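The structure under discussion appears below in the form of structure tokens.
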Amino acid sequence: MFVVITSTEHKKGKRRQIFRRRPAYEINKKDIGNTYFYILNAISYNGKIKWKTVLKAVPDTPGNIITDKGLAFPKNCNFKPYDTSGYIKTLYFNLFCCFLQQCLPSNLHIAIIDKEGRLCNEALALLRQAASVYVVTANQQRYLAVNETAGKLYGAELIIVDSISPVMKSAAILAPFGTCGYGSLQNHPFLFAPKQGFEFGSEDIILPPAIERVRPAGVDKIEFAAALYEKCRINSLSGLTPVNIAKEGVKIPVKTAIKLLSDHNYRR
């Protein structure tokens with residue numbers, strides 16, 4: 055369960071209502087399938103929200119709140135923006151697999167940049183789709199444990215390295231958390247990473263109609279999908295793939311990018 059906080063300006067009523075106690079918020083339960091979430095609408099009076107009252111009405115649990123994009127919490131508030139990094143990792147992995155399955159021959163080499171060791175399951179899955187998988191990481195112990203499983207399942211192992219030099223010529227590189235200080239890979243033609251490579255935003259995600267219908271206006275699509283997947287266990291959202299990607303400010307459909315990668319690897 056999670057809470058979406060939105061805000062609307064109070065509509066002035068008749069004069070006789072002035073002396074009534076003015077509510078700080080309205081809260082409604084939203085059902086979706088077998089689960090639900092809450093929408094807490096903070097009521098603004100002349101541009102001001104009674105934050106002290108509003109925040110008492112939400113769970114005192116970090117990570118259970120998402121907000122309208124235009125809504126800012128007061129500075130002395132302990133609430134932080136919803137952490138979407140885990141879900142964005144899933145979206146990047148789906149995108150990467152889409153490319154591998156549709157245009158990369160299995161005899162090519164791919165790479166992952168994962169400093170903290172958060173992509174172990176994904177790396178294991180990728181072993182089945184390429185000739186070799188390099189992993190650039192500072193958490194080598196965690197990946198050594200993955201290699202024990204990989205050897206038993208596939209008779210193959212990840213190639214674990216601590217710098218980007220060995221992966222520069224990889225056909226494609228997955229780095230959903232960025233290049234993590236290992237150096238610039240901006241010139242690599244098929245780097246899947248925020249800022250330096252192929253990236254995407256909320257506008258590049260198409261939510262299922264049933265999800266889109268209950269998304270409050272102004273709430274970020276990725277945040278909303280992440281909360282439904284992680285907090286409400288709507289597992290179908292783990293399969294979303296961006297429909298557009300951008301690099302250096304130029305946005306193209308994923309289908310076009312797949313063709314570019316396919317043509318590039320055909321010439322290699």
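The working numbering puts the sequence shown at residues 55 to 322. Glycine residues also receive a C-beta, built at the ideal position from the N, C-alpha and C atoms. Note that the coordinates shown come from a computational prediction; the quantities given were computed from them, not determined experimentally.
Straight-line Cα distance separating residue j from residue i
{"i": "Lys309", "j": "Val297", "result": "8 Å"}
{"i": "Pro307", "j": "Ala279", "result": "21 Å"}
{"i": "His64", "j": "Tyr99", "result": "6 Å"}
{"i": "Phe252", "j": "Cys152", "result": "14 Å"}
{"i": "Ala311", "j": "Leu149", "result": "11 Å"}
{"i": "Gln155", "j": "Arg182", "result": "11 Å"}
{"i": "Leu207", "j": "Val187", "result": "15 Å"}
{"i": "Lys313", "j": "Ser61", "result": "44 Å"}
{"i": "Leu245", "j": "Ala226", "result": "6 Å"}
{"i": "Cys131", "j": "Lys110", "result": "11 Å"}
{"i": "Gly117", "j": "Lys134", "result": "7 Å"}
{"i": "Asp85", "j": "Cys157", "result": "40 Å"}
{"i": "Ile119", "j": "Glu176", "result": "27 Å"}
{"i": "Phe73", "j": "Thr138", "result": "No answer about Phe73 holds up, because its pLDDT of 48 lies below 50 and its placement is not dependable."}
{"i": "Tyr92", "j": "Val58", "result": "6 Å"}
{"i": "Arg287", "j": "Gln194", "result": "31 Å"}
{"i": "Asp168", "j": "Lys301", "result": "21 Å"}
{"i": "Phe254", "j": "Ala184", "result": "24 Å"}
{"i": "Ile97", "j": "Gly293", "result": "36 Å"}
{"i": "Leu94", "j": "Gly209", "result": "52 Å"}
{"i": "Thr203", "j": "Leu145", "result": "25 Å"}
{"i": "Ala126", "j": "Trp105", "result": "11 Å"}
{"i": "Asn88", "j": "Leu180", "result": "33 Å"}
{"i": "Ala236", "j": "Tyr141", "result": "The sequence as given places Tyr at residue 236; Ala does not occur at that position. Each residue's alpha carbon lies about 23 Å from the other."}
{"i": "Leu178", "j": "Leu291", "result": "21 Å"}
{"i": "Arg267", "j": "Phe56", "result": "17 Å"}
{"i": "Lys143", "j": "Val112", "result": "28 Å"}
{"i": "Met222", "j": "Lys102", "result": "53 Å"}
{"i": "Ile81", "j": "Tyr90", "result": "13 Å"}
{"i": "Ser238", "j": "Ala247", "result": "11 Å"}
{"i": "Leu164", "j": "Asn289", "result": "It is Ile, not Leu, that sits at residue 164 in the sequence shown. About 27 Å."}
Per-residue burial, residue i [other beta carbons within 10 Å of its own, 16 or more giving buried]
{"i": "Asn201", "result": "buried"}
{"i": "Gln240", "result": "exposed"}
{"i": "Val190", "result": "buried"}
{"i": "Thr121", "result": "buried"}
{"i": "Val304", "result": "exposed"}
{"i": "Asp274", "result": "buried"}
{"i": "Thr107", "result": "exposed"}
{"i": "Leu282", "result": "buried"}
{"i": "Glu284", "result": "buried"}
{"i": "Gln250", "result": "buried"}
{"i": "Tyr136", "result": "buried"}
{"i": "Lys68", "result": "With a pLDDT of 49 at Lys68, under the threshold of 50, the modelled position of this residue cannot be trusted; read the value that follows with caution. Per the 10 Å Cβ criterion, exposed."}
{"i": "Ser224", "result": "buried"}
{"i": "Ala271", "result": "exposed"}
{"i": "Leu198", "result": "exposed"}
{"i": "Tyr79", "result": "buried"}
{"i": "Glu277", "result": "buried"}
{"i": "Ala264", "result": "exposed"}
N-terminal and C-terminal residue of the beta strand (DSSP E) that residue i is part of
{"i": "Val304", "result": "304-307"}
{"i": "Lys301", "result": "298-301"}
{"i": "Phe91", "result": "89-99"}
{"i": "Leu228", "result": "226-228"}
{"i": "Thr62", "result": "57-63"}
{"i": "Val187", "result": "186-190"}
{"i": "Val215", "result": "213-215"}
{"i": "Thr121", "result": "119-121"}
{"i": "Ile260", "result": "Premise fails: Ile260 is in no beta strand (DSSP E) and is neither H nor E."}
{"i": "Ala165", "result": "163-167"}
Continuous alpha helix (DSSP H) stretch holding residue i: start and end
{"i": "Tyr141", "result": "139-157"}
{"i": "Tyr283", "result": "275-285"}
{"i": "Tyr79", "result": "No alpha helix (DSSP H) contains Tyr79, which is instead part of the beta strand (DSSP E) from 79-86."}
{"i": "Tyr197", "result": "194-208"}
{"i": "Leu109", "result": "105-110"}
{"i": "Asn175", "result": "174-180"}
CB contact check: residue i to chain D, cutoff 8 Å
{"i": "Leu109", "result": "The structure shown contains no chain D, having only a single protein chain."}
Any non-hydrogen atom of the ligand MG within 7 Å of residue i CB
{"i": "Phe91", "result": "As far as ligands go, the structure on display features none, and thus does not contain the ligand MG."}
Counting Cβ pairs, one atom from each stretch, are 3 or more of them under 8 Å apart for the segment 220-240 and the segment 162-172?
-> yes
Is there contact between the segment 248-263 and the segment 282-302, where contact requires at least three CB pairs shorter than 8 Å?
-> yes
Segment contact flag, the segment 123-130 with the segment 217-224, C-beta cutoff 8 Å, min 3 pairs | no
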